[in-house]
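K.L.:
Can you read through this structure? Questions will come right after.
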Amino acid sequence: MISCNALISFPLFLLLLLLHGAECEDPYRFFTWKVTYGDIYPLGIKQQGILINGQFPGPQIDAVTNDNLVINVFNYLREPFLISWNGLQHRRNSWQDGVFGTNCPILPGRNFTYNLQVKDQIGSYFYFPSLGMQKAAGAFGGIRISSRPKIPIPFPTPAGDFTVLAGDWFKTDFHKLRRLLEIGHNLPFPDGLLINGHGWNGYTFTVDQGKTYRFRISNVGLATSINFRIQGHKMKLVEVEGSHTLQNIYSSLDIHLGQSYSVLVTADQPPQDYYVVVSTRFTRRILTTTAVLHYSNSFKAVSGPVPSGPTLDIVSSLSQARSIRWNLTASGPRPNPQGSYHYGMITPSRTIMLANSAPFINGKQRYAVNSVSYLTPDTPLKLADYFNIAGVFYVGSIPSYPTGGNAYFQTSVMGANFREFVEIVFQNWEDSVQSWHIDGYSFFVVGFGSGQWTAASRDSYNLRDTVARCTTQVYPRSWTAIYMALDNVGMWNIRSEDWGRQYLGQQLYLRVFTSSNSWRDENPVPRNALLCGRARGRRTRPF
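Here the sequence shown stands for residues -24 to -1, 1 to 519, where the numbers follow mature numbering (1 follows the signal peptide of the UniProt record, and there is no 0).
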């Protein structure tokens, strides 16, 4: 196949057209990542971090819609390693998801090449290490997917584009955090917050007065929601996890675990330095950290009190969440407007309700979904499914509704059919905010409400212009409802973005199945697929 970006002479191009046809292949971007331990000092003390190419945070991935990403990851750690891609949908290709339900870990001294295509995607995302508590040591980084040149974006091109990776941080070594969870304790309260790997005033964003800049903000933390604000400046929201939004103005934004937002900020204030502030949300003890917004013509350093933000108030956060709407006239990754997909006119074929809980099982703290605490199998589910290995999991091992029964261990896999359109309700009876992510999909957040969800709750749904995204919050003693088209075959992780909860069982897998063996529906098993557990030594077979 001919690459549209290939640098070849015109006569050779004509010859290739005759031999191979006129179809052009989407561009390729190649990356080589070396994953190592390294000393980092994010909160002023020495810690063992996990670095990619010597960097903490890791390298930025910049791509354009439909680009093919070839990422060769070399593991120089003393432990297995996997990278997952928070928000990338890798169409027809859960083989590249980078979680243990789909991939064998990259063993020490080995490498694995991810082959991803950012098919029909734009927007702001991030990657992170998915095994154990390695996320608490680094190895995360930003992903920016730009629109193709001929597809208009609904705002003028900014003068600059900044990635902001913010979130809570622990001084405790990630191995010790993992042991705490395994012996039945919760994670301690975080020790601080970071912005792009730095603590208080440790990072600077430089701007020119009068120009407008894009800030892509992701909450890459483990345990807490955050609030983001810039002293003296307003923020115009333009994109949420791949969806262009109505361009509402905010003085601060709540960003829950795993979420990504994109805002425009105009440097329209007197020339001096200003605080960029991140603080914890819904915590009685408030953690705060700052970076610096530096005007290039400023001679006045940042000073004075840090602007305060919201703390425990739920009502303002809920109101803000409801104000985030889809821009129905803007193009997405294709020329047609986002509003041409009328999700609200489709009747879901089934309703799934997922309720989180925090039970003790065998005297140890665990977390569960519909009373099932996920038990990690010895073989990735995707491989077990492919090779028809019995005894690893069974479809239907988690109920579609809460049972109210005692919690128990199980390798939770819920079955669903390709091209179904489903309603999923996240029900939260706990006193803390929950954050849920679904790999491989973008879904419509149609409703938030308090108390118990019922069929009558549908009367409050936004069936016209709610935003499509991949991570949503659920407020305390409340519910959140989403609509989702099951258009991506594979084995997909549904999980809590609170990493202690995820590690101790608050996750499951959705097996989106079709009997078709067509490559149009699902890519074949990769030739370089790592085999482990009961799949070790087996041979892959073509469709």
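In this text, a Cβ means the ideal position worked out from N, Cα and C, and glycines have one as well.
If you draw a straight line from the alpha carbon of I206 to that of Q478, how long is it in whole angstroms?
P.N.:
Taking the sequence shown and counting its residues from 1, one reaches residue 206 at position 230. Taking the sequence shown and counting its residues from 1, one reaches residue 478 at position 502. If you take the alpha carbons of I206 and Q478, they lie about 32 Å apart.
K.L.:
Given G(-4), which residues of its chain have a CB within under 6 Å of its CB, disregarding the five upstream and five downstream residues?
P.N.:
Working through the sequence shown from its first residue, we reach residue -4 at position 21. Note that G(-4) scores 40 on pLDDT, short of 50, meaning its location in the model is unreliable; the coordinates nonetheless yield the value given after this. So the list is empty, once near-sequence residues are dropped.
K.L.:
If you check the beta carbons only, do V49 and Y103 fall under 8 Å apart?
P.N.:
Locating residue 49 in the sequence shown gives position 73, where the first residue counts as 1. Locating residue 103 in the sequence shown gives position 127, where the first residue counts as 1. Taking 8 Å as the Cβ cut-off, V49 and Y103 do not qualify as a contacting pair.
K.L.:
What's the gap between the Cα of T242 and the Cα of P125?
P.N.:
Numbered from its first residue, the sequence shown carries residue 242 at position 266. Numbered from its first residue, the sequence shown carries residue 125 at position 149. Those two C-alpha atoms are separated by around 24 Å.
K.L.:
Helix, strand or coil: how does DSSP classify G71 here?
P.N.:
As a first step, residue 71 must be located in the sequence shown, where it is residue number 95. Just to set this straight, residue 71 is Trp in the shown sequence, not Gly. If DSSP states are grouped into helix, strand and coil, W71 belongs with the helices.
K.L.:
If distances are taken between C-alpha atoms only, which option among G197, T456, W302, I82 comes closest to A113?
P.N.:
What you label residue 113 is simply residue 137 of the sequence shown in a count that begins at 1. That would be G197, whose Cα lies nearest to the Cα of A113.
K.L.:
Kindly indicate the opening and closing residues of the alpha helix (DSSP H) around G392.
P.N.:
Against the sequence shown, residue 392 aligns to sequence position 416. Contrary to the premise, residue 392 reads as Ala rather than Gly in this sequence. No alpha helix (DSSP H) contains A392, which is instead part of the beta strand (DSSP E) from 389 to 393.
K.L.:
Give the DSSP bridge partners of V241, in chain order.
P.N.:
If you number the sequence shown from 1, residue 241 lands on position 265. Partner(s): Y189.
K.L.:
Near P128, which residues of its chain fall below 7 Å by C-beta distance, leaving aside the five closest residues on each side in sequence?
P.N.:
As a working note, residue 128 is residue 152 in the sequence shown. Counting only Cβ-Cβ distances below 7 Å, and skipping sequence neighbours, we find S307.
K.L.:
When you compare only the Cα positions, how much space is there between S122 and G416?
P.N.:
Here residue 122 refers to the residue found at position 146 of the sequence shown. Here residue 416 refers to the residue found at position 440 of the sequence shown. Those two C-alpha atoms are separated by around 19 Å.
K.L.:
Taking DSSP as the reference, what is the three-state secondary structure of A115?
P.N.:
Taking the sequence shown and counting its residues from 1, one reaches residue 115 at position 139. Here A115 sits in coil by DSSP.
K.L.:
Taking P247 and N273 to be in contact with their CB atoms under 8 Å, please state how far apart those CB atoms are, rounded to whole angstroms.
P.N.:
Locating residue 247 in the sequence shown gives position 271, counting from the first residue. Locating residue 273 in the sequence shown gives position 297, counting from the first residue. Their Cβ separation, rounded to whole angstroms, is 5 Å, which keeps P247 and N273 in contact under 8 Å.
K.L.:
List the DSSP bridge partners of M329.
P.N.:
The residue given as residue 329 occupies position 353 in the sequence shown. The partner list for M329 (beta bridge, DSSP) reads V401.
K.L.:
What distance in whole Å lies between the Cβ atoms of G143 and I59, which are believed to be in contact at a cut-off of 8 Å?
P.N.:
Against the sequence shown, residue 59 aligns to sequence position 83. Against the sequence shown, residue 143 aligns to sequence position 167. Not a contact, Cβ separation roughly 17 Å.
K.L.:
Helix, strand or coil for A505? Go by DSSP, reduced to three states.
P.N.:
To locate residue 505, count along the sequence shown from 1; it is residue 529. Looking at A505 - three-state DSSP - the assignment turns out to be coil, as it is neither helix nor strand.
K.L.:
I'd like to check one pair, V348 with Q386: are the Cβ atoms closer than 8 Å?
P.N.:
Here residue 386 is taken as the residue at index 410 of the sequence shown, counted from 1. Here residue 348 is taken as the residue at index 372 of the sequence shown, counted from 1. A distance below 8 Å separates the beta carbons of Q386 and V348.
K.L.:
Could you please give me the residues that DSSP links to V488 through a beta bridge?
P.N.:
In the sequence shown, counting from the first residue as 1, residue 488 sits at position 512. Per DSSP, A392, G466.
K.L.:
Have a look at L233 and R515 and give me their C-alpha separation to the nearest angstrom.
P.N.:
Residue numbering aside, residue 233 sits at position 257 when the sequence shown is read from its first letter. Residue numbering aside, residue 515 sits at position 539 when the sequence shown is read from its first letter. Roughly 39 Å separates the two Cα atoms.
K.L.:
Smallest Cα separation from P286: which of N44, L294, Y250?
P.N.:
Within the sequence shown, numbered from 1, the residue matching residue 286 stands at position 310. When each option's Cα is compared against that of P286, the closest is L294.
K.L.:
If you run the structure through DSSP and keep just helix, strand and coil, what is G476?
P.N.:
Residue mapping note: residue 476 aligns to position 500 of the sequence shown, counting from 1. Three-state DSSP puts G476 in a helix.
K.L.:
Tell me where the alpha helix (DSSP H) around V278 begins and ends.
P.N.:
Against the sequence shown, residue 278 aligns to sequence position 302. Element bounds for V278: n/a, residue is neither H nor E.
K.L.:
Could you check what DSSP says for G99 in three-state terms: helix, strand or coil?
P.N.:
Within the sequence shown, the letter at position 123 stands for residue 99. Under the three-state reduction of DSSP, G99 is assigned to strand.
K.L.:
Is R445 helix, strand or coil by DSSP?
P.N.:
Residue mapping note: residue 445 aligns to position 469 of the sequence shown, counting from 1. Strand, per DSSP.
K.L.:
Measure the C-alpha to C-alpha separation of K22 and T148 and round it to an integer number of angstroms.
P.N.:
Counting from 1 along the sequence shown, the entry for residue 22 is found at position 46. Counting from 1 along the sequence shown, the entry for residue 148 is found at position 172. Using only the alpha carbons, I get a separation of about 11 Å.
K.L.:
In whole angstroms, give me the CA-to-CA distance for I322 and A392.
P.N.:
Sequence index remark: in the sequence shown, residue 322 carries index 346 (1-based). Sequence index remark: in the sequence shown, residue 392 carries index 416 (1-based). Distance between the alpha carbons of I322 and A392: 17 Å.
K.L.:
Helix, strand or coil: how does DSSP classify G218 here?
P.N.:
Here residue 218 is taken as the residue at index 242 of the sequence shown, counted from 1. In the structure shown, G218 sits in coil (DSSP, three-state: anything other than H, G, I, E or B).
K.L.:
Taking all protein chains shown into account, do 16 or more other C-beta atoms lie within 10 angstroms of the C-beta of N364, making it buried, or fewer, making it exposed?
P.N.:
For this step, residue 364 is matched to residue 388 along the sequence shown. With fewer than 16 Cβ atoms within 10 Å of its Cβ, N364 is classed as exposed.
K.L.:
Can you tell me which residues form a DSSP beta bridge with T182?
P.N.:
Locating residue 182 in the sequence shown gives position 206, counting from the first residue. Beta-bridge pairing links T182 to H270.
K.L.:
Let me make sure I understand the geometry here. Which of C508, A199, L359 has the alpha-carbon closest to that of R257?
P.N.:
Locating residue 257 in the sequence shown gives position 281, counting from the first residue. Considering only alpha carbons, the answer is A199.
K.L.:
According to DSSP, simplified to helix, strand and coil, what is R261?
P.N.:
One-based indexing of the sequence shown puts residue 261 at position 285. Coil at R261, not helix or strand.
K.L.:
Starting from the Cα of Q481, find the closest Cα among N69, L157, G14, G25 and give me that residue.
P.N.:
Reading the sequence shown from its first residue, position 505 is the one you call residue 481. According to the sequence displayed, residue 481 carries Gly and not Gln. That would be L157, whose Cα lies nearest to the Cα of G481.
K.L.:
Where does the unbroken beta strand (DSSP E) through D454 begin, and where does it stop?
P.N.:
Residue numbering aside, residue 454 sits at position 478 when the sequence shown is read from its first letter. Here residue 454 turns out to be Ser, not Asp, going by the sequence shown. From DSSP, the beta strand (DSSP E) with S454 extends over 454 to 461.
K.L.:
Between T266 and the rest of its own chain, which residues show a CB-CB distance below 7 Å, the 5 nearest in sequence each way excluded?
P.N.:
Here residue 266 refers to the residue found at position 290 of the sequence shown. The answer, listed in chain order, is W176, N177, Y251, V252, V253, V282.
K.L.:
Can you give me the C-alpha to C-alpha distance between N87 and G425, rounded to a whole angstrom?
P.N.:
Translated into the one-based positions of the sequence shown, residue 87 becomes position 111. Translated into the one-based positions of the sequence shown, residue 425 becomes position 449. Distance between the alpha carbons of N87 and G425 is about 46 Å.
K.L.:
Apply the 10 Å Cβ neighbour rule to W495 and answer buried if 16 or more other Cβ atoms are within range, or exposed otherwise.
P.N.:
As a working note, residue 495 is residue 519 in the sequence shown. With fewer than 16 other Cβ atoms within 10 Å, it is exposed.
K.L.:
Would you kindly check if the distance between the Cβ of G320 and the Cβ of L304 is under 8 Å?
P.N.:
Within the sequence shown, the letter at position 328 stands for residue 304. Within the sequence shown, the letter at position 344 stands for residue 320. No. Outside cutoff.
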